[in-house]
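This report refers to the structure that appears directly beneath it.
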Amino acid sequence: MEKRTVEYSKTEQVHLVQPAHLNGGNRLFGGTLLNWIDEVAAIVAMRHAGVKTVTTAAVDGLDFKAGAYLNDLIVLVGYIVYTGKTSMEVRVDTYVESTDGMRRIINRADIILVAIDENDKPTIIPQLELKNDFQREQFMQAKRRKEMRHAQEKELLR
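Here it is in structure tokens:
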């Protein structure tokens, strides 16, 4: 199976914050943002794996850094940072984009997804071709997060 680059499946999605997206504090509702993040992560994973179905296995990090408000332009950028045998970690950075095109980050999420075949079973995915030091560092950080998740799971099962 051929390797695929980070750029192969990188996905960008844009949303306009509308009144229905606001919570009681007149900020973007966290659940709405999480829905958008999960959708972008799934698209990235489907593109990378070359499958029609993926499932979200875990949300490893979801860091809210700032709020978003009515009429803000929200840009989500998702890309693969790690691949295992059937699972992958997708990083989704969320920005508010100003009218001059400048972006400021408001959220970062790390989502773990599993590729699913036509029999609803996990399926082998292409490995990740790392092209630079930044990608290699992100891969190693994700690998450490995976090891920590597995250690925590073992501890919970005791």
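In our numbering, the protein residues as written are -1 to 156.
Glycine residues also receive a C-beta, built at the ideal position from the N, C-alpha and C atoms.
By the criterion of a C-beta distance shorter than 6 Å, V49 is surrounded in its chain by A113, once the five residues flanking it on both sides are discounted. Taking every protein chain shown into account, the CB of I72 has 16 or more other CB atoms within 10 angstroms, so this residue is buried. The straight-line gap separating the alpha-carbon atoms of V15 and G99 is approximately 16 Å. Cβ-Cβ separation between I109 and I41: approximately 11 Å, too far for a contact (criterion under 8 Å). For P120, DSSP records a beta bridge to I114.
Each residue's CA atom was taken as its position, placing D91 and P17 some 23 Å apart. Here Y67 carries a coil assignment [DSSP, helix/strand/coil]. N24 sits exposed, since fewer than 16 C-beta atoms from the chains shown fall within 10 Å of its C-beta. The continuous alpha helix (DSSP H) containing A43 extends over residues 28 to 47. For a cut-off of 8 Å, the C-beta gap from M86 to L111 is around 6 Å, short enough to register as a contact.
In this structure, the beta-carbon distance from V94 to A43 does not fall below 8 Å. Residue environment: D118 is assigned as exposed (fewer than 16 neighbouring CB atoms within 10 Å of its CB, all protein chains considered).
Contact check for F62 against G29 fails: the beta carbons are separated by 8 Å or more. If you look at H19, you'll find it isn't in any alpha helix (DSSP H); DSSP assigns it neither H nor E.
Closest in C-alpha terms to L68, from the list I103, L20, E10, V38, comes L20.
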